[in-house]
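The structure appears below as structure tokens.
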Amino acid sequence: ANFCDAETKLAVQEIKRNYDKLFGNLKGTVSSSEKAAIWRSICDQVNSCYARTRDTEDLKKKWRDIRLRAKANEAKRQQEIVETGVSKTQHSEIEMMVMDTLHPVTIAGVGTMDTSMPRREGKPESIHQQEGRLQALLMKAYPKN
Numbered sequence: 189a190n191f192c193d194a195e196t197k198l199a200v201q202e203i204k205r206n207y208d209k210l211f212g213n214l215k216g217t218v219s220s221s222e223k224a225a226i227w228r229s230i231c232d233q234v235n236s237c238y239a240r241t242r243d244t245e246d247l248k249k250k251w252r253d254i255r256l257r258a259k260a261n262e263a264k265r266q267q268e269i270v271e272t273g274v275s276k277t278q279h280s281e282i283e284m285m286v287m288d289t290l291h292p293v294t295i296a297g298v299g300t301m302d303t304s305m306p307r308r309e310g311k312p313e314s315i316h317q318q319e320g321r322l323q324a325l326l327m328k329a330y331p332k333n
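Quick note, the sequence shown lines up with residues 189 to 333 if you use our numbering.
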């Protein structure tokens, strides 16, 4: 079922607020029944504000879909920066909220050799070199104020 932007924004805000318990540093200390209760609580909040009735599976699927879209757009944006030095790809407000939960490695991948990355002295860059360059690009694109 389609979520309106306001439903999606509320869901993402609440998932982010509970992120550590659901997915982050605290996930190992939270029981599956506690996680289920968190998901139900988020679902109840979304349902109380909007006419549609969502279940927790709808909410989880929406979260996965948003994360995938945000990662894909960020990977595209990074590739444009590597290729041209600038990117025309923009994230939506909701995608920007989701980006706060993503580690750069989840976007670039681990243990892969990106053959599109520039070569130095005729050899492909190592994974560590690529990750360093990617980190530098991310710092440039998202400076900490």
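Backbone N, C-alpha and C fix where the C-beta goes; we use that ideal spot for every residue, glycine too.
Since this is a predicted model, take the numbers as computed values, not measurements.
Output needed for R228: all residues of its chain with C-beta closer than 8 Å, excluding positions within five of it in sequence on either side, in chain order.
Taking the first residue of the sequence shown as 1, we reach residue 228 at position 40. Answer for R228: T244, listed in chain order.
If you draw a straight line from the alpha carbon of A199 to that of N235, how long is it in whole angstroms?
Residue numbering aside, residue 199 sits at position 11 when the sequence shown is read from its first letter. Residue numbering aside, residue 235 sits at position 47 when the sequence shown is read from its first letter. Answer to the nearest angstrom: the Cα atoms are 10 Å apart.
C-beta contact flag for A263 and E283 at 8 Å:
Here the question's residue 263 lines up with position 75 in the sequence shown. Here the question's residue 283 lines up with position 95 in the sequence shown. No, the pair does not count as a contact, with Cβ atoms beyond the cut-off.
First through last residue of the alpha helix (DSSP H) which encompasses T289:
Locating residue 289 in the sequence shown gives position 101, where the first residue counts as 1. Note, T289: premise wrong, no alpha helix (DSSP H); not H, not E.
Are three or more beta carbon pairs between the stretch 264-276 and the stretch 239-253 nearer than 8 Å?
no
Start and end residues, alpha helix (DSSP H) containing V234
To locate residue 234, count along the sequence shown from 1; it is residue 46. Taken as a continuous stretch (DSSP letters only), the alpha helix (DSSP H) holding V234 covers 220-237.
Sub-8 Å separation of M285 and K204 beta-carbons
Counting from 1 along the sequence shown, the entry for residue 285 is found at position 97. Counting from 1 along the sequence shown, the entry for residue 204 is found at position 16. Cβ atoms of M285 and K204: closer than 8 Å.
Excluding five sequence neighbours on each side, which residues of the same chain lie with their C-beta closer than 7 Å to the C-beta of N261?
Here residue 261 refers to the residue found at position 73 of the sequence shown. Cβ within range, chain order: T277, H279, E283.
Helix, strand or coil for Q278 per DSSP?
Reading the sequence shown from its first residue, position 90 is the one you call residue 278. The answer is coil: DSSP assigns Q278 none of H, G, I, E or B.
Return the chain-ordered ranges of every alpha helix (DSSP H) run that is complete within the stretch 191-215 and spans a minimum of 4 residues.
193-205, 207-210
Looking at E195: is its Cβ nearer than 8 Å to the Cβ of I230?
Taking the sequence shown and counting its residues from 1, the one referred to as residue 195 is at position 7. Taking the sequence shown and counting its residues from 1, the one referred to as residue 230 is at position 42. No, the pair does not count as a contact, with Cβ atoms beyond the cut-off.
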